[in-house]
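Protein chains in written order, with the UniProt record's numbering: chain A, 1 to 210; chain B, 1 to 210.
Even glycine gets a Cβ: it sits at the ideal position worked out from N, Cα and C.
Note that the coordinates shown come from a computational prediction; the quantities given were computed from them, not determined experimentally.
What follows is a single structure, written as structure tokens, with notes after it.
Number of protein chains: 2
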Amino acid sequence: MSNLRAQQKQDRRNRIVTSAKELFREKGYDKTTIEAIAVAAGVSGVTVHNYYGTKAGVLLALVIESDKQLLERLDSTLPGPEAELVELTVAFAHEIMVHAMQTLEKDIWRQVIAAVTIEAGTQLSKAYFKLDEQLASVLVRRIEAMQRDGRLSADLNPLHLGRALFQLQNARFIQFISTDAARRDEIETWLRNDLVALFSVMLPVPADPS
Amino acid sequence: MSNLRAQQKQDRRNRIVTSAKELFREKGYDKTTIEAIAVAAGVSGVTVHNYYGTKAGVLLALVIESDKQLLERLDSTLPGPEAELVELTVAFAHEIMVHAMQTLEKDIWRQVIAAVTIEAGTQLSKAYFKLDEQLASVLVRRIEAMQRDGRLSADLNPLHLGRALFQLQNARFIQFISTDAARRDEIETWLRNDLVALFSVMLPVPADPS
DNA sequence: TAAAAACTTTTATGCAATAAAAAATTTGTC
DNA sequence: GACAAATTTTTTATTGCATAAAAGTTTTTA
């Protein structure tokens with residue numbers, strides 16, 4: 001059997017990520033040392049570095065795994081085809097925030113955001129952005145459907161609109177996790193305000209009575 | 001003279017930030033040690049920590065200083081009152097990106113983004129977000145002016161619209177610095193696409209020919 | 001089964017971050 | 001102007017992340 005080695009490697013990877021997740025949730029990110037993760041996973045500290053580069057790399061691997069699960073069920077948890085664009089986008093943001101809070105605490109999410117920006121170009125960072133792209137295309141497909149139903153102008157570009165909405169949602173998500181005090185419903189209101197304001201720009205200007 | 005101490009402290013702060021800026025530009029962020037900054041500033045390494053907490057804290061202090069200058073001249077470099085909202089926002093993004101690249105290189109900007117998210121709640125981080133708020137209000141004031149001129153619907157909320165536009169711009173700015181390959185004009189196109197798509201949402205849907 | 005290849009661990013080093021004790025300097029008072 | 005008190009910096013020490021090189025171990029392959 002030519003791939004015993006690959007299998008052992010995969011086992012070690014799984015053990016490292018599983019141990020890390022437990023320790024992060026248990027003791028927090030800062031108080032979890034790489035050495036502790038390594039001991040729990042039955043490898044040496046240097047091996048953790050060899051596999052994931054940094055402590056944040058381990059965290060990123062763990063988040064990517066969890067986000068893949070979100071992606072799989074996101075579309076089905078979103079409101080039906082009759083929903084307005086504002087409600088769709090807010091619901092989208094809602095699901096993402098709920099999922100994020102089920103996975104890790106805010107202060108650990110901050111480490112995630114920091115890691116993906118600092119380690120830009122890394123394999124793991126690319127995987128993270130690819131998932132973002134896939135999340136955005138959930139919105140794009142919904143927009144295409146609305147356009148087919150004649151509920152959105154045929155002129156607009158669904159890809160551009162979907163990505164713009166995702167960017168906005170993502171910006172608000174980052175604000176959500178950047179402040180411990182920020183409540184989910186509060187952020188959803190902000191996002192709603194964003195959307196209502198942006199969508200109102202091209203509405204006809206009332207005639208000047210002068 | 002009761003505040004010799006305060007003055008010396010301010011002197012040391014200035015020397016630290018100035019030395020750090022030179023070293024960061026010269027040798028890059030990672031290869032600049034706190035000890036080297038301290039030596040250049042004529043203080044001990046621990047003093048740098050006492051003043052700014054972390055190496056990223058020194059960087060943040062330096063960026064805040066530079067962003068204050070941007071804020072002072074931003075409004076006057078933006079296009080005149082006749083400009084459309086899309087052009088205004090893209091010009092806004094343009095000025096910010098140009099200024100950022102004049103100040104530091106992309107990989108150092110990534111450290112800035114990471115620092116403000118990780119050190120959320122810090123004094124320096126708050127100062128950074130306050131500057132963001134002030135930058136956003138440059139847009140808000142422009143929108144208010146456009147509304148007074150009757151070039152935007154009186155119904156829309158200038159604060160909400162300004163903040164939404166800023167969020168979108170900021171998201172694209174972060175993408176700009178997150179990828180070495182991303183060109184400024186490319187990002188400006190993306191932002192333009194975002195805005196055109198968002199502003200088109202409420203346009204009348206063409207009648208169904210069936 | 002023995003040599004080669006692949007991989008992990010050991011060992012060592014640099015630096016950030018933090019804490020506590022020691023040293024130096026300014027401040028306020030006589 | 002000198003001295004005690006207060007404030008601040010420096011010294012010293014420790015922990016943990018990150019990285020590199022050498023040494024050791026296990027799997028692979030011939």
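Item	Value
Could you tell me whether the Cβ atoms of A:SER44 and A:ALA36 are closer together than 8 Å?	no
Run through the segment 21-86 of chain A for me and flag every whole alpha helix (DSSP H) of 4 or more residues, listed as ranges in chain order.	34-41, 45-52, 55-77
Would you call A:GLN169 buried or exposed, if buried means 16 or more other Cβ atoms sit within 10 Å of its Cβ?	buried
When you check each C-beta in the segment 136-154 of chain B against every C-beta of chain A, which residues fall closer than 8 Å?	GLY150, ARG151, LEU152, SER153, ALA154
Is the Cβ of A:VAL205 closer than 8 Å to any Cβ of chain B?	Caution is warranted here: a pLDDT of 49 is assigned to A:VAL205, below 50, making its placement in the model unreliable, and the coordinate value is therefore given only provisionally. With 8 Å as the cut-off, A:VAL205 counts as an interface residue toward chain B.
Is there at least one Cβ from chain A nearer than 8 Å to residue 211 of chain B's Cβ?	Residue numbering for chain B in the displayed model covers 1 to 210; residue 211 of chain B lies beyond these limits and cannot be assessed.
If you compare alpha carbons, which of B:THR122, B:ASP185, B:ASP30 is closest to B:PHE92?	B:ASP185
Using a Cβ cut-off of 7 Å, pull out every chain B residue sitting near A:ARG110, in sequence order please.	THR117, ILE118, ALA120
Could you name the residues of chain A that B:PHE199 contacts, counting a contact when the two beta carbons are closer than 9 Å?	LEU198, PHE199, VAL201, MET202
Determine the burial state of B:PRO158: buried for a count of at least 16 other Cβ atoms within 10 Å of its Cβ, exposed for fewer.	buried
Compare the C-beta of A:GLN134 against all C-beta atoms of chain B and say whether one is closer than 8 Å.	no
Spatial neighbours of B:GLN134 within its chain, please: C-beta separation below 6 Å, excluding the five flanking residues on both sides.	LEU71
Can you list the residues of chain B that A:THR32 reaches, using a CB-CB cut of under 8 Å?	Result: empty, since nearest Cβ-Cβ is about 16 Å, beyond 8 Å.
Give the interface partners of A:ASN170 over in chain B, defined as CB-CB distance under 9 Å, in chain order.	ALA171
Is any beta-carbon of chain B found at less than 8 Å from that of A:HIS94?	no
Using three-state DSSP, classify A:ARG110 as helix, strand or coil.	helix
State the CB to CB distance for the pair B:ARG163 and B:LEU88, rounded to an integer number of angstroms; the pair is presumed to be in contact (CB under 8 Å).	No, B:ARG163 and B:LEU88 are not in contact; Cβ-Cβ is about 15 Å, not under 8 Å.
Among residues of its own chain, excluding the 5 on either side of B:THR103, which ones have a beta-carbon nearer than 6 Å to its beta-carbon?	SER66
Can you tell me where the alpha helix (DSSP H) with A:GLY162 in it begins and where it stops?	158-178
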